[in-house]
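So the sequences go chain by chain: A and B. Oh and the first sequence: position 7 is 7 in the working numbering, straight run, nothing missing. If you want the working numbering, it's the position in the second sequence, counting the first as 1, plus 1000.
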Amino acid sequence: GAVVSQHPSRVICKSGTSVKIECRSLDFQATTMFWYRQFPKQSLMLMATSNEGSKATYEQGVEKDKFLINHASLTLSTLTVTSAHPEDSSFYICSALHSSGANVLTFGAGSRLTVL
Amino acid sequence: EDQVTQSPEALRLQEGESSSLNCSYTVSGLRGLFWYRQDPGKGPEFLFTLYSAGEEKEKERLKATLTKKESFLHITAPKPEDSATYLCAVDNYGQNFVFGPGTRLSVLP
């Protein structure tokens, strides 16, 4: 089945530094990947849609300059949290759209970011 | 605006006590309805896809059904390991899926 790998699973950084999270589709090509943010006991909040070879589409209220998304290949999308601050601490999850006749959305395991 | 709601928000069951979770949707078009299970601190895990009204799918103690306006996830004789948040999502032919808020299920031994 479709597998999405997300790395790192946990990261702790100091305020003001930048952090990169990778999302890879391991056994399929994903032209579209999604990035979500999730707060405790809340549902997924879509941050942006990442399309291979083009600029990401950000949801309203999500800062493009704060959350940089790059989708340079059909199997890799990255989310960079720039100049991170404690309020950016959260659980970030990626997903990839697997189009093999029918659309199926496969998720990564998530990345827990803690900004000190 | 397309919308997906889920009820109840939280559900506590005794082990072996069967129940159902509801997912109601109002969308302009339905290509597929998805159920996911999410454990704390992990990404959602795919369970089922349903494509048309009347369709049913089963996996172990779970059975998902679909009508024109809602889907049910039936849990038969649940075990503590079934405790998780269950998410419903709709592919409305848009660029992304519309997710419901989830139902937090706790199964007590």
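Glycine residues also receive a C-beta, built at the ideal position from the N, C-alpha and C atoms.
CA nearest to the CA of residue i, picked from the options
i, options, result
"residue 107(A)", "1059(B), 1066(B), 1048(B) and 1042(B)", "1042(B)"
"residue 36(A)", "1109(B), 1099(B), 1092(B) and 1090(B)", "1099(B)"
"residue 2(A)", "9(A), 111(A), 15(A) and 105(A)", "105(A)"
"residue 1020(B)", "1082(B), 1026(B) and 1031(B)", "1082(B)"
"residue 27(A)", "38(A), 66(A), 86(A) and 4(A)", "4(A)"
"residue 54(A)", "31(A), 66(A) and 61(A)", "31(A)"
"residue 48(A)", "61(A), 41(A) and 8(A)", "61(A)"
Residues that residue i bridges to, as DSSP identifies them
i, result
"residue 29(A)", "Its beta-bridge partners do not exist; DSSP assigns none."
"residue 1032(B)", "1091(B)"
"residue 62(A)", "None; residue 62(A) has no bridge partner."
"residue 96(A)", "33(A) and 106(A)"
"residue 1025(B)", "1004(B)"
Cβ shell of residue i (< 6 angstroms), same chain only, five flanking positions each side left out
i, result
"residue 88(A)", "81 and 115"
"residue 1048(B)", "1035, 1057 and 1064"
"residue 1010(B)", "1104"
"residue 50(A)", "33, 56, 69, 71 and 77"
"residue 1074(B)", "1020 and 1063"
"residue 1025(B)", "1004 and 1090"
Residue i vs residue j beta-carbon contact at 8 angstroms
i, j, result
"residue 1055(B)", "residue 1066(B)", "yes"
"residue 1087(B)", "residue 1064(B)", "no"
"residue 1102(B)", "residue 1006(B)", "yes"
"residue 21(A)", "residue 68(A)", "no"
"residue 94(A)", "residue 6(A)", "yes"
"residue 24(A)", "residue 76(A)", "yes"
"residue 1029(B)", "residue 103(A)", "no"
Contact set for residue i: own chain, Cβ-Cβ below 8 angstroms, skip 5 residues either direction
i, result
"residue 1045(B)", "1036, 1037, 1038 and 1039"
"residue 1108(B)", "1012, 1013, 1014, 1015 and 1080"
"residue 1027(B)", "1002, 1003, 1004, 1090, 1092 and 1098"
"residue 1053(B)", "1066, 1067 and 1068"
"residue 1106(B)", "1010, 1011, 1012, 1013 and 1083"
"residue 9(A)", "109, 110, 111 and 112"
"residue 179(A)", "In the structure as shown, chain A begins at 1 and stops at 116. Residue 179(A) is therefore absent and cannot be evaluated."
"residue 13(A)", "19, 84, 113, 114, 115 and 116"
Nearest-angstrom Cβ-Cβ length linking residue i and residue j, presumed shorter than 8 angstroms
i, j, result
"residue 43(A)", "residue 83(A)", "Not quite, the Cβ-Cβ distance comes to about 27 angstroms (not below 8 angstroms), so this is no contact."
"residue 1097(B)", "residue 1089(B)", "4 angstroms"
"residue 71(A)", "residue 59(A)", "Actually they are not in contact, since the Cβ atoms of residue 71(A) and residue 59(A) sit about 16 angstroms apart, beyond 8 angstroms."
"residue 11(A)", "residue 90(A)", "Actually they are not in contact, since the Cβ atoms of residue 11(A) and residue 90(A) sit about 11 angstroms apart, beyond 8 angstroms."
"residue 96(A)", "residue 33(A)", "5 angstroms"
"residue 85(A)", "residue 15(A)", "5 angstroms"
7 angstroms Cβ shell around residue i - same chain, five flanking residues per side excluded
i, result
"residue 1022(B)", "1006, 1007, 1070 and 1072"
"residue 64(A)", "58"
"residue 1077(B)", "1016, 1018 and 1061"
"residue 45(A)", "36, 37 and 38"
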